[in-house]
Each structure stands twice: as C-alpha cells, then as structure tokens.
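**Q** With the sequence shown counted from 1, adding 28 to any position gets you the numbering used here.
For glycine and all other residues, C-beta sits at the position ideal for the given N, C-alpha and C.
This structure is a prediction, so every number in the text was calculated from the model and none was measured.
Below: one structure in structure tokens.
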Amino acid sequence: MRLLDMSPPTLTRLARELTAGGVFVEDAEPGGAVGRPPKFLDVRWDSRHYLGVKLTGTSVVAVSTDLRATELDRREYVFSEQSVDAVCDVVVRAHDELSAGGGFDAVGVSLGGTVTDRRFVIRAPFLGWRDVDLGRELERRLGVPTVVENDIVALTEAQHWFGEGRGLTDFAVITIGAGVGHGYVCADRVVRSDKGIGLAGHIRLDPLGAVCPEGHRGCATAMLTIPSLCAQASVAFGRGIEFDELISLAAEGDPVALAITEPAGRALGRLLALAANLGMVDTIVLAGEGLPLYEVTEPIVLEAMHADRDAEADPIDLRLDAADFVGWARGAAAVAIQSSVHRLI
Numbered sequence: 029m030r031l032l033d034m035s036p037p038t039l040t041r042l043a044r045e046l047t048a049g050g051v052f053v054e055d056a057e058p059g060g061a062v063g064r065p066p067k068f069l070d071v072r073w074d075s076r077h078y079l080g081v082k083l084t085g086t087s088v089v090a091v092s093t094d095l096r097a098t099e100l101d102r103r104e105y106v107f108s109e110q111s112v113d114a115v116c117d118v119v120v121r122a123h124d125e126l127s128a129g130g131g132f133d134a135v136g137v138s139l140g141g142t143v144t145d146r147r148f149v150i151r152a153p154f155l156g157w158r159d160v161d162l163g164r165e166l167e168r169r170l171g172v173p174t175v176v177e178n179d180i181v182a183l184t185e186a187q188h189w190f191g192e193g194r195g196l197t198d199f200a201v202i203t204i205g206a207g208v209g210h211g212y213v214c215a216d217r218v219v220r221s222d223k224g225i226g227l228a229g230h231i232r233l234d235p236l237g238a239v240c241p242e243g244h245r246g247c248a249t250a251m252l253t254i255p256s257l258c259a260q261a262s263v264a265f266g267r268g269i270e271f272d273e274l275i276s277l278a279a280e281g282d283p284v285a286l287a288i289t290e291p292a293g294r295a296l297g298r299l300l301a302l303a304a305n306l307g308m309v310d311t312i313v314l315a316g317e318g319l320p321l322y323e324v325t326e327p328i329v330l331e332a333m334h335a336d337r338d339a340e341a342d343p344i345d346l347r348l349d350a351a352d353f354v355g356w357a358r359g360a361a362a363v364a365i366q367s368s369v370h371r372l373i
C-alpha cells in the first residue's frame, strides 16, 4: 500500500471494505502472540480481472490479467484500416473473446503518442490519429471503465508496481523497438511531462552514425530502432533484411551485420549511461522488442555504458525485461488496475 500513499486510518477503512468485497481475506494468525493478536490480510489476486491492450500502427495485442497484472490469456490481431472506428472494433473483439462471458473490472489501452487525462489521444503518429477521445468511445462500446495511456508511461507504471522496479523509489526505463522511449520513477512517482511522453528519440549518440527520417545523424532513432537497423541492413546486403535475420547474422559473426550492430550497441551503452547520469538513478530497466540487439552486443553495450559513467558513481544495475509486445499490453493492464484501486479509496 506504500504506492497508494495512504494514512493508517484510511488503510484500515479500506481493508475492511475490501475484505467485505472479497478482495482481501484474513490469513492464518501466527502462534505465540502476546495480547490481542493482529489480523493478517492477504489479497485474493483472482478476485478482479482486467484487460490490457497495446495498439500499434498495424496490430492489437491484448492480455487478460488478475489483480497483480499476471497474464491469464492473450490475443493478437492484425488490422489494415487505421480509423478510430475500425481499431475500436478490434478492441471490442478482444474484450469479448478474452472475457469469456465473465467481464472485466476495467480496461487499459496504451499506444505510442501523446495522451492526456488518461483518456484523450492528442496525437498517435503510428495510427495517424489526432484529438481522439478514445477512452470515452471505448467506455461507450464496452460499458467498462477504460483508461488510455502513453505506452512508455504505462510500461513504467507496470515496472514500478509489478515488475523489475517493484520496491524501488528511483529508476529509469529505456525501451528500444519501433521507437526509442524512456521513463523515470523518482521519489516513488512516475515522472510525467505536460506532453505525456518522454522524448529520447533524437538524442545524438554517434556523430558518424546513420541518418533518421528527420535528418538527424546518429540520433537514437537512427541508431537503435528496428526500422532503421533493418533499412541499414537491407542497403548493406542488397536485399530485404528483417530484424531477426540481422541479429542471427551478427551472432554468427557476419562482418556486414556486425558493422551495423556494433555501432548500435555502443550507441545503446551511451544512451543507458545518459539515462543514469542525467536522471540520477542507478537502476535501469531495458525493455522492448529490440532487446535482442542488447543480447548480441552485450559486451560492447556494457563497455560504452561504463565508459560514460563517472568513476565515483555507483555501478548501474541494468535489468532486462524480455516480455516483448505482451509486456506493453501488461503495462496497459497495470494502469487499469491502478485506476480501479484508486476508485476504491
């Protein structure tokens, strides 16, 4: 309950209400207690169910979870039409198939873009959306409380409550994949900007590196994103190269592949050091579908990261989350759980 920042009287009142509602159950009392024995409570994790949905530009990844964001089931759908109505239709389908008639207590949706008030999408570039009240539309269709959040913020919240950052008051999250994202937890709170997103994609990491679509040479987008790495590999090999093949070739020692992945590994190490140094944190969670880049260049990443770290600073505790797209959907479920819990207070 530390994350809810509640006073003891509020906690006592809430515990009574949640016990009556079946969320808490009384645990066995320890023997040998002197005086009035305390009551120990445990959470019935299966007492509530949530739907987490991650939207990309071409797909919906959905998971059903319990109260601690443990995955119970999943679905993935591919779509070609990016209109709000068409995408909402897919989310409704995911809801209906995963609920199995039992329903959900809340729904969380995450996407790459700018989100305010946990419902209103100001801009979602991968979907071509602007000014969409997605939360209201989905609540109307589903009849279930729905929250919408930026995907990096949602993932950071999930790491803080349930993941690699659980129990920590300060850490960073770096993601690599279709884009580059970063989030911070400072003083036990997820840091948020007025825009709803953190902007790490165009930090210059290599003055001699590749050029991104915005014309920035050696920025994080050019050096670390899957589309950029695949584009570089396709030019170098003279044929289309997908990310998995690039990583496999690099692991086999192919010199052309290594000429792409090794500079990317150094750039990743620099980004990790920057996140720790400027954010004044010692723990970083590295996640995203681009994580195989780290795995194939680990020594290079760590060397670059340590090179940019002050000798007097504490070592960086680097933690990996290899959950892929399901991790993003679980992040969406986490913000649904948060909203559900806060409504009970």
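Please tell me whether, using a cut-off of 7 Å, the distance from the CB of residue 339 to the nearest non-hydrogen atom of the ligand ZN is below it.
**A** Annotation note on the ligand ZN: not contained in the displayed structure, which lists no ligands.
**Q** Assign residue 191 to buried or exposed, taking buried as 16 or more other Cβ atoms, counted over all protein chains shown, within 10 Å of its Cβ.
**A** buried
**Q** Skipping 5 residues on each side, what residues in its chain have a beta carbon closer than 7 Å to that of residue 126?
**A** 79, 90, 92, 101 and 103
**Q** The beta strand (DSSP E) that contains residue 90, what's its start and end?
**A** Residues 87-93.
**Q** For the alpha helix (DSSP H) containing residue 115, list its first residue and its last residue.
**A** 112-127
**Q** Under a Cβ-count criterion, where at least 16 other Cβ atoms within 10 Å of its own Cβ denotes burial, should residue 185 be classed as buried or exposed?
**A** buried
**Q** How about the stretch 289-301 and the stretch 230-245: do they share at least three Cβ pairs that are nearer than 8 Å?
**A** yes
**Q** Determine whether the beta carbon atoms of residue 208 and residue 144 lie at a separation below 8 Å.
**A** Not a contact, by the Cβ cut-off of 8 Å.
**Q** Closer than 8 Å is the cut-off here; do at least three beta carbon pairs connect the stretch 327-334 with the stretch 197-204?
**A** no
**Q** Ends of the beta strand (DSSP E) at residue 211?
**A** 208-214
**Q** Am I right that residue 163 and residue 151 are in contact with their C-beta atoms under 8 Å? What's the rounded C-beta distance?
**A** About 15 Å separates the two Cβ atoms, so there is no contact after all.
**Q** From what residue to what residue does the beta strand (DSSP E) around residue 138 run?
**A** 134-139
**Q** Please work out which residues of its chain come closer than 7 Å, Cβ to Cβ, to residue 303, disregarding the five sequence neighbours upstream and downstream, and give them in chain order.
**A** 200, 202, 210 and 312
**Q** What number of angstroms, rounded off, separates the C-alpha of residue 350 from the C-alpha of residue 158?
**A** 31 Å
**Q** Please go through the same chain and pick out, in chain order, the residues whose beta-carbon is closer than 6 Å to the beta-carbon of residue 368, but skip the five residues on each side of it.
**A** 133 and 134
**Q** In the structure shown, what three-state DSSP assignment does residue 289 receive?
**A** Three-state DSSP puts residue 289 in a helix.
**Q** Can you look up residue 252 in the DSSP assignment and give me helix, strand or coil?
**A** Collapsing the DSSP output to three states places residue 252 in a helix.
**Q** Which of the three DSSP states is assigned to residue 219 in this structure?
**A** Coil.
**Q** Return the chain-ordered list of same chain residues with a C-beta closer than 8 Å to the C-beta of residue 279, the five sequence neighbours on each side being excluded.
**A** 324
**Q** Taking C-alpha atoms, which residue in 140, 108, 94 and 216 lies nearest to residue 130?
**A** For the set 140, 108, 94 and 216, the Cα lying nearest the Cα of residue 130 is the one of 94.
**Q** Alpha carbon to alpha carbon, how far is residue 361 from residue 81?
**A** So the two alpha carbons sit approximately 7 Å from each other.
**Q** Can you give the beta carbon distance from residue 274 to residue 252, rounded, assuming they're within the 8 Å contact cut?
**A** Incorrect: roughly 13 Å between the Cβ atoms, too far for contact.
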